[in-house]
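Visitor:
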Amino acid sequence: MVVIKPLYGIAEAGTYWWSTYFKHHTDKLQMETSTYDLCLLISKSTAAGVGIVGIQTDDTLGLSDKQLAAKEKDELRFNAKEKEVLTKDNKIDFNGCVVTTDSNTISLL
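By numbering that gives the first Met the number 0, the letter at position 70 of the sequence shown is numbered 69, and the numbering carries on one by one without gaps.
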């Protein structure tokens, strides 16, 4: 048996997915790595929209304007989970934590 694309349950899966998401954000969305952390990406150009994204293996947590969010959706060429939007009524589970918001604060629990 030959594995063409590692998905889940094998040692290489994490590296494969991180690389896939990283290339998507840097090549298609014109983002670059932060000097602080290689898993933190920041938009290079406001022409493509403004955003910041954290990548943890195959999960991403991002903050973007509508322009970058639309570009991300248009450029996506692989199967990915549906995007969740953080609102007062919709908490987000991310990497074992819960992200919540109220009118003035975003909290990570």
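All C-beta atoms, glycine included, are put in the ideal place defined by N, C-alpha and C.
So, with DSSP's three-state summary, where would you put E31?
Guide: Three-state DSSP puts E31 in a strand.
Visitor: So if DSSP puts L40 in a beta bridge, which residue, or which two residues, is it bridged to?
Guide: Beta-bridge pairing links L40 to T32, V52.
Visitor: Which residues does DSSP pair with F93 in a beta bridge?
Guide: Its beta-bridge partners are C96.
Visitor: According to DSSP, T59 sits in a beta bridge with which residue or residues?
Guide: Note: T59 sits in a beta bridge opposite I54.
Visitor: Assuming H24 and L40 are in contact, meaning their beta carbons sit under 8 Å apart, how far apart are those beta carbons, in whole angstroms?
Guide: About 5 Å separates the two Cβ atoms, so the contact holds.
Visitor: Rounded to whole angstroms, what's the CA-CA distance from A69 to I91? Just pull it up for me.
Guide: Cα-Cα distance, rounded: 20 Å.
Visitor: If the criterion is Cβ atoms closer than 8 Å, does the pair S63 and G53 meet it?
Guide: Contact: no.
Visitor: Closest to F93 by C-alpha separation, out of D101, Q29, T59, T86, would be which residue?
Guide: Minimum Cα distance to F93 is reached at T59.
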